[in-house]
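J.:
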Amino acid sequence: EKAADTLIAIAKAACTKKETLELATKCIRYLAGVGIRAKAKELMPLLSHRETDFVREILDTCALLKSKDTIDPIINLVLELEAVKEESNTNTGGAGGNMPGSQYPGANQPGGNREDDRVKRKKDLLGPAKQTLKDETGEKINEGAKWKEWWGKNKSTWKEPEESPSTKPARR
Numbered sequence: 003e004k005a006a007d008t009l010i011a012i013a014k015a016a017c018t019k020k021e022t023l024e025l026a027t028k029c030i031r032y033l034a035g036v037g038i039r040a041k042a043k044e045l046m047p048l049l050s051h052r053e054t055d056f057v058r059e060i061l062d063t064c065a066l067l068k069s070k071d072t073i074d075p076i077i078n079l080v081l082e083l084e085a086v087k088e089e090s091n092t093n094t095g096g097a098g099g100n101m102p103g104s105q106y107p108g109a110n111q112p113g114g115n116r117e118d119d120r121v122k123r124k125k126d127l128l129g130p131a132k133q134t135l136k137d138e139t140g141e142k143i144n145e146g147a148k149w150k151e152w153w154g155k156n157k158s159t160w161k162e163p164e165e166s167p168s169t170k171p172a173r174r
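Residue numbers (the numbering used here): 3 to 174.
Okay, here's the thing in structure tokens:
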């Protein structure tokens, strides 16, 4: 458990700078190898990270650990990504990209395009997020609203699978 705590602490600290993001990604990968399911929920605040490769690593780790605590946040990520419109309208003058508190750091800067960042994020993460939910639950649902409905009905009775090295899926 101490190893898992250390990996999470390093990942959280290292993901704040581009120079140490690779270290953060490796810590997340190693966390899956440590296999302490209860620690997966501590990764959920990192799902909003701008770097999609880092977020995919978190999703892969969640798929391996199969923690009940990660399902709600991943469903919310799927719903958020599904809501992103893919057609870009460059004639808006960039008003949407100048909103304070943007989830995407740098998008509020002159020349930043928050809309394009969101579309890229959707393309990079929507499929992996849905696949993570399928791997975690064994369900074959493809839409965020249906995931939310299913989870609302099954959350109180759904059981995490027994942890066993032979039942862990191969890394994607």
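Virtual Cβ for every residue (Gly too), placed ideally from N, Cα, C. Bear in mind that the values here come from a model prediction, so they are computed numbers and not experimental data.
Would L79 pass as a contact of L49 if the rule is Cβ separation under 8 Å?
T.: Contact: yes.
J.: Buried or exposed: where does D55 fall if 16 or more other Cβ atoms within 10 Å of its Cβ makes it buried?
T.: Label assigned to D55: exposed.
J.: Count the other CB atoms within 10 Å of the CB of P130; is the residue buried (16 or more) or exposed (fewer)?
T.: That one is buried.
J.: Got a sec? Which residues, its chain only, sit under 6 Å from L45 by beta carbon, not counting five neighbours each side?
T.: Cβ within range, chain order: I60.
J.: Quick one, are the C-beta atoms of L33 and I73 less than 8 Å apart?
T.: Not a contact, by the Cβ cut-off of 8 Å.
J.: Counting C-beta neighbours from all protein chains within 10 Å, is the total for G140 16 or more, i.e. buried, or is it exposed?
T.: G140 comes out exposed.
J.: Can you give me the C-alpha to C-alpha distance between E138 and K87, rounded to a whole angstrom?
T.: Whole-angstrom Cα-Cα distance: 27 Å.
J.: Taking the alpha carbon of G37 as the reference point, which residue from E89, N156, L67 and R116 has its own alpha carbon closest?
T.: The shortest Cα separation from G37 among E89, N156, L67 and R116 belongs to L67.
J.: Can you tell me whether E3 is buried or exposed? The criterion is at least 16 other CB atoms within 10 Å of its CB, across all chains shown.
T.: Burial call: exposed.
J.: Whole angstroms is fine: what's the gap from L127's alpha carbon to C17's?
T.: Going from the Cα of L127 to the Cα of C17 covers about 18 Å.
J.: Quick check: the Cα distance between G35 and I76, rounded to an integer number of angstroms?
T.: Distance between the alpha carbons of G35 and I76 is about 21 Å.
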